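A quick write-up on the structure given underneath.
Protein chains in written order, with the numbering used here: chain X, 35 to 239; chain W, 69 to 360.
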């Protein structure tokens with residue numbers, strides 16, 4: 035049975051989660067991938083926010099407190115009334131954000147990172163220390179996930195291009211699996227270790 | 069030569085939104101093989117639901133519509149320059165219609181061209197053939213799976229491998245292990261043995277056009293395809309890397325001549341959302357011919 039998680043998420047809710055748990059995510063979150071992470075690091079984390087980026091920071095800072103970042107570059111459509119809608123929105127590979135994510139979790143008080151493929155030791159340690167989880171969305175399930183996006187509230191830094199912008203969206207029952215929890219466990223590490231043993235067996239034949 | 073932009077737009081729409089039945093059937097079988105309630109079973113159920121929803125609503129199966137890779141087999145006397153223009157127009161139109169994500173970014177600046185055209189983007193391969201009609205193939209090759217592709221030069225520094233089928237087997241198992249679930253497993257591996265570095269990768273990728281259930285005309289290669297598929301699945305990586313029975317849906321091998329000094333094993337990884345279609349255009353009428 036899937037566990038319902040509502041954004042903003044409390045630390046207590048996060049600490050209850052364990053790898054392998056299936057989760058349905060509801061609330062307002064932000065997409066953000068390569069350009070977005072580099073930008074957050076360079077504009078907000080490594081230095082005080084410059085005036086030119088103040089408007090974006092004022093949205094992200096409260097929005098990401100207890101919040102969620104989704105590694106996703108969506109296909110969007112602009113409707114005749116000028117509003118955007120998500121057409122296709124599956125996860126992108128998360129490991130590219132490994133150099134940044136731990137600092138982002140700490141700086142913004144993020145409770146969950148959603149993506150695919152999992153992340154590495156620095157992020158896992160940040161999840162344990164600050165009370166966050168990595169949620170694995172189903173790669174390629176873009177139409178289904180787009181349907182869980184009920185509203186596009188705003189877009190920030192659209193000059194990064196459609197895939198790379200911060201899309202502020204409201205989701206209902208977005209399906210994910212916990213693959214890195216706040217107790218130091220990573221499903222990815224376990225699967226890799228098992229596969230490595232099996233590989234040694236096979237090539238030893 | 070006729071104007072075929074409209075049919076090419078249809079090919080793009082169909083490839084992006086309507087998964088071929090051979091892949092869908094393999095995913096259904098993979099779903100049945102997993103324990104109900106497991107993360108792997110949940111992932112495959114979500115995948116199958118998504119495939120259905122995309123087809124029903126005419127939306128991209130995956131938001132990463134990848135590098136559009138076209139193959140055009142054209143009659144004698146047709147202009148490749150004009151065909152290239154029509155392909156690029158079709159890609160722009162399909163992007164405008166949200167069937168493709170604007171995916172062409174400048175290699176260095178990262179600036180998005182906005183319409184999926186750029187330097188050598190999309191990729192287009194031409195071949196003249198003896199028929200009076202055109203055949204067009206399209207593969208939408210997502211970035212996550214493309215990043216899992218690799219090439220081994222045997223003997224390898226990474227592991228002991230000989231220049232024979234045993235060495236090929238080791239290389240493919242190593243690649244599958246390294247790919248884990250990153251390329252959106254359960255995937256399909258296209259593998260070429262031999263060639264130079266470029267031809268090897270090209271032929272590896274072309275294997276992905278083959279129908280999943282086909283038989284390799286080379287008996288040795290056919291046996292190794294089936295063995296590798298079984299063995300990779302024994303690694304237990306499973307759908308999305310959640311652990312499970314199915315890590316790959318198929319392995320497809322080919323062989324090209326090489327120079328005596330080189331022995332390349334080139335591997336292309338395709339995600340479960342294996343979007344590739346082949347059509348013919350005869351007198352303006354379009355028909356899907358393969359893979360079935």
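Here a beta-carbon is modelled for each residue, glycine too, at the ideal position from N, C-alpha and C. Bear in mind that the values here come from a model prediction, so they are computed numbers and not experimental data.
Q: Could you tell me how far apart the beta carbons of residue 65 of chain X and residue 201 of chain X are, in whole angstroms, since I believe they sit closer than 8 Å?
A: The beta-carbon distance between residue 65 of chain X and residue 201 of chain X, rounded to whole angstroms, is 4 Å. This is short enough to meet the 8 Å contact definition.
Q) Taking the alpha-carbon positions, what's the residue 13 of chain W to residue 177 of chain X distance? A) Residue 13 of chain W is absent from the structure shown; chain W starts at 69 and stops at 360.
Q | Contacts around residue 234 of chain W, its chain only, beta-carbon distance under 8 Å, and the 5 residues preceding and following it disregarded | A | Beyond the five residues adjoining it in sequence on each side, residue 234 of chain W comes within less than 8 Å, by CB distance, of no other residue in the same chain.
Q: Pull out every residue of the stretch 194-207 of chain X whose Cβ sits closer than 7 Å to any Cβ of chain W, in chain order.
A: Listed in sequence order: 195, 196, 197.
Q) Interface residues of chain X around residue 238 of chain W at Cβ under 8 Å? A) Under a criterion of Cβ atoms nearer than 8 Å, the residues of chain X adjacent to residue 238 of chain W are, in order, 237.
Q: Taking only the alpha-carbon atoms, compute the straight-line gap between residue 341 of chain W and residue 256 of chain W and give it to the nearest angstrom.
A: When rounded, the distance between both Cα atoms is 10 Å.
(Q) Count Cβ pairs between the stretch 115-133 of chain W and the stretch 99-117 of chain X that sit closer than 8 Å; are there 3 or more? (A) Touching, yes, given that three or more Cβ pairs across the two stretches are closer than 8 Å.
(Q) Please tell me whether residue 121 of chain X has its Cβ less than 9 Å away from any Cβ of chain W. (A) For residue 121 of chain X, the nearest beta carbon of chain W is closer than 9 Å to its own beta carbon.
Q) For residue 172 of chain W, does the three-state DSSP call read helix, strand or coil? A) Residue 172 of chain W: coil per DSSP, three-state reduction.
Q | Nearest-angstrom Cα separation, counted from residue 93 of chain W out to residue 313 of chain W | A | Using only the alpha carbons, I get a separation of about 16 Å.
Q) For the alpha helix (DSSP H) that residue 113 of chain W lies in, which residues bound it at each end? A) Taken as a continuous stretch (DSSP letters only), the alpha helix (DSSP H) holding residue 113 of chain W covers 107-125.
Q.
Residues of chain W with CB closer than 8 Å to the CB of residue 146 of chain X, please, in chain order.
A. In chain W, no part has a C-beta under 8 Å from the C-beta of residue 146 of chain X; the shortest such distance is about 17 Å.
Q: Check whether the Cβ of residue 248 of chain W lies closer than 9 Å to any Cβ atom in chain X.
A: Yes, its Cβ sits closer than 9 Å to a Cβ of chain X.
**Q.** Boundaries of the beta strand (DSSP E) in which residue 192 of chain X is found, first to last residue
**A.** Here residue 192 of chain X belongs to no beta strand (DSSP E), and DSSP marks it neither H nor E.
Q.
Please classify residue 360 of chain W as buried or exposed, where buried requires at least 16 neighbouring CB atoms within 10 angstroms.
A. Legend: pLDDT at residue 360 of chain W = 44, less than 50; position of this residue unreliable, value from coordinates given subsequently. Around the beta carbon of residue 360 of chain W, fewer than 16 other beta carbons lie within 10 angstroms, which makes this residue exposed.
Q: Would you mind stating whether residue 198 of chain W and residue 211 of chain X have Cβ atoms separated by less than 9 Å?
A: No, the pair does not count as a contact, with Cβ atoms beyond the cut-off.
Q. Is DSSP giving residue 134 of chain X helix, strand or coil here?
A. The answer is helix: DSSP assigns residue 134 of chain X an H, G or I state.
Q. Are there three or more Cβ pairs, one per stretch, closer than 8 Å when the stretch 300-311 of chain W is compared with the stretch 216-236 of chain X?
A. The stretch 300-311 of chain W vs the stretch 216-236 of chain X: in contact.
(Q) For residue 146 of chain X and residue 168 of chain X, I'd like the C-alpha separation in whole angstroms. (A) Looking at the two C-alpha atoms, the distance is approximately 6 Å.
Q | 6 Å Cβ shell around residue 273 of chain W - same chain, five flanking residues per side excluded | A | Excluding sequence neighbours, residue 273 of chain W sits near 258, 336.
**Q.** Status (buried if at least 16 other CB within 10 Å, exposed otherwise) for residue 198 of chain X
**A.** Within a 10 Å sphere around the beta-carbon of residue 198 of chain X sit 16 or more other beta-carbons, which makes this residue buried.
**Q.** Assigned secondary structure, residue 303 of chain W (DSSP; H/G/I helix, E/B strand, else coil)
**A.** Residue state, collapsed to three classes: coil.
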